[in-house]
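Residue numbers (the working numbering): 23 to 185.
Here a beta-carbon is modelled for each residue, glycine too, at the ideal position from N, C-alpha and C.
Note that the structure is a prediction, hence the values are computed from the model and not measured.
For reference, the structure is listed below as C-alpha cells.
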Ligand code: ZN
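Given below as C-alpha cells:
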C-alpha cells in the first residue's frame with residue numbers, strides 16, 4: 023500500500039533548503055530525517071501544501087514564496103538596543119536568538135540582526151523572513167497517524183515527542 027500524503031499522516035522525509043543566493047540554510051541529508059504530522063502546522067505552510075499527494079520514494083523540488091514560508095520581512099519591527107541592555111557576560115552574535123517579554127508579558131523570540139559598536143539591532147522577524155525557500159525533498163515514509171498523535175497534533179516515537 024502506498025499512502026499519499028494527506029491530513030493526519032506521519033511523514034518522514036529528507037530535505038535540503040537552499041536560498042536564492044545558492045547558500046544551503048539547512049539540510050537533513052546525511053543525518054536524521056525530519057518526521058512531522060501533516061495538516062497540523064508543524065512545517066512551513068507552503069511546503070506542507072505542496073507535499074500533499076506525494077508518496078514514499080518521491081523526489082521533488084518545492085519553491086516556497088516568503089509569504090508562505092517564514093513571512094515577509096517587516097523592517098518597522100527592528101529595534102536598536104544598547105549593548106548594556108544585555109547581560110555583560112553574554113556572547114552576542116549576529117543570528118543569535120533569545121527570549122524577551124512582549125508588551126503583555128508574553129514570551130517573544132528575538133534575533134540579533136546586526137551589531138555596530140554599542141548598537142545591537144534586534145528583530146522579531148525570523149532570520150529567513152523575506153526569503154524564497156527552495157527545498158529538495160525525498161519522501162522516506164508515509165504512515166497513518168495514531169489516535170493519540172492526531173489528538174496531540176504531533177508525532178510520537180522515533181523523530182517525534184517522547185512522553
Ligand atoms: Zn504527544
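Closer than 6 Å: residue i CB and nearest the ligand ZN heavy atom
i           : result
residue 174 : yes
residue 183 : yes
Where residue i falls: helix, strand or coil (DSSP)
i           : result
residue 72  : helix
residue 174 : helix
residue 54  : coil
residue 90  : helix
residue 20  : Only positions 23 to 185 of the chain appear in the structure, and residue 20 is not among them; the question remains open.
residue 122 : strand
Cβ separation of residue i and residue j, assumed to be a contact under 8 Å, to the nearest whole Å
i           : j           : result
residue 94  : residue 175 : Going by Cβ atoms, the distance from residue 94 to residue 175 rounds to 26 Å, so no, they are not a contact pair.
residue 142 : residue 103 : 5 Å
residue 177 : residue 59  : 5 Å
Start-to-end residues for the beta strand (DSSP E) that takes in residue i
i           : result
residue 167 : First-last for residue 167: undefined, no H or E at that position.
residue 31  : 31–40
residue 132 : 129–138
residue 81  : 81–86
residue 104 : 101–104
residue 49  : 46–49
For residue i, the nearest candidate out of the options (CA to CA)
i           : options          : result
residue 179 : 25, 29, 68, 34   : 34
residue 96  : 140, 75, 144     : 144
residue 55  : 88, 80, 129, 163 : 163
residue 26  : 80, 51, 123      : 80
residue 29  : 184, 108, 72     : 72
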